[in-house]
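**Q**
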Amino acid sequence: MHERKIWDRYLVGISGILCLVALALATFIKMDRHMPEGIVRTMILVSPLAALLLFLWAVVRQVRRDEVRHTRKIFLRYFAEMSAAFLLYAVVLVAVHRFGFPLPKGILKTLVLVSPTLPFLLIVWAVVRQFRRLDEYGRLVSLESIAIAFGVTAGWVITYGFMENAGYPRLSMFSVWMVMMSAWAVSAIVRCVAGR
Amino acid sequence: MKNILRELRAERGWSQADLADRLEVSRQTINAIETGRYDPSLPLAFKISRQFKRKIEDIFDGNQH
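Residue numbers (the working numbering), protein chains in the order written: chain A, 86 to 281; chain B, 414 to 478.
1. Mind checking the stretch 141-156 of chain A against chain B and listing, in chain order, the residues whose C-beta falls within less than 8 Å of any C-beta there?
2. Which residues, taken in chain order from the stretch 96-114 of chain A, show a beta carbon closer than 8 Å to some beta carbon of chain B?
3. Any contact of the stretch 224-239 of chain A with the stretch 197-214 of chain A, i.e. 3+ C-beta pairs under 8 Å?
4. Pull the bridge partners of residue 473 (chain B) from the DSSP assignment, please.
5. Check whether the Cβ of residue 462 (chain B) lies closer than 9 Å to any Cβ atom in chain A.
6. Express the C-alpha separation of residue 274 (chain A) and residue 440 (chain B) in angstroms, rounding to a whole number.
7. Is the shortest distance between the beta-carbon of residue 221 (chain A) and the beta-carbons of chain C less than 9 Å?
8. For a test of the three-state rule: what should DSSP assign to residue 289 (chain A), helix, strand or coil?
9. I'd like the list of long-range same chain contacts for residue 436 (chain B), defined as Cβ closer than 6 Å, with 5 residues on each side in sequence excluded.
10. Using a Cβ-Cβ distance under 9 Å, would residue 398 (chain B) count as near chain A?
11. Which residues, in order along the stretch 428-445 of chain B, keep a beta-carbon less than 7 Å from a beta-carbon of chain A?
12. Got a sec, what are the start and stop residues for the alpha helix (DSSP H) residue 468 (chain B) sits in?
13. Only counting runs of 4 or more residues, tell me where the alpha helix (DSSP H) segments fall wholly within the stretch 150-235 of chain A, in order along the chain.
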């Protein structure tokens, strides 16, 4: 295999692992109230975003080099749709943080605070469209990764439920999402690096 | 399922990417079929047989797994 392609694959794997490490570190620092505010704390908290951008760049770089026109076309279309949906989501999220929180308690505040769900549906739509564009083997592989993530998340939720009974602190519901995404990312990265 | 996809492809001097392009699937799909890790659906098997102008049973050996 061409040396450049192997490096492309490693770049995707390394940046993906970097994403997970940065996310874990940021979560740990966010929960640690003893760490003083400052540039180091801010940098750690935004590091997952930087790692995610690096990962996306690596993936797009790899896809652009794919020799198969069909694969190139569908993945570049997916990235375009996903980026547009994410951008809209980010804009709405910032607007909600800026204008939603100061609103007085009530139905209007609730509606404004849940409004990022609407652009999030666009993200779901982009994922569904891409899933339908994949060929049959691609769909099978994706489903396997999702099934692994589902199993790991179910295992984690049940285990931590028992740990809470043993006195461990209650975690935010958001932790479930992070475990699921991490498990999904790890299984996808392993396939990407090990796959031929 | 065993198959002679690799041999047919080699006869024509096509790479896995070339065949994937013609069948509108990914290169990984071709690799998985050639190595027997994945059995194609009937529509894809028909597409492959049309591409090589051979019967499906001439390409895939249904008796061996």
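Each residue gets a CB set at the ideal place from its N, CA and C atoms; glycine is no exception. Quick caveat, the model's predicted, so the values are computed rather than measured.
**A** According to the structure shown:
1. 151, 152, 153, 154, 155 and 156
2. Taking 8 Å as the Cβ-Cβ cut-off against chain B, none of the residues of the stretch 96-114 of chain A qualify.
3. no
4. B:416
5. no
6. Rounded to whole angstroms, the separation of the alpha carbons of residue 274 (chain A) and residue 440 (chain B) is 18 Å.
7. Absence of chain C from the displayed structure is noted, the protein chains being A and B.
8. It is not possible to answer for residue 289 (chain A), since the shown part of chain A is limited to 86 through 281.
9. 460
10. The question about residue 398 (chain B) has no answer here: the residues shown for chain B are numbered 414 through 478.
11. Here the close residues are 430, 433, 434, 437, 438, 439, 440, 441, 442, 444 and 445.
12. Counting along the chain, residue 468 (chain B) falls outside any alpha helix (DSSP H), and DSSP gives it neither H nor E.
13. 154-180, 192-199 and 202-218
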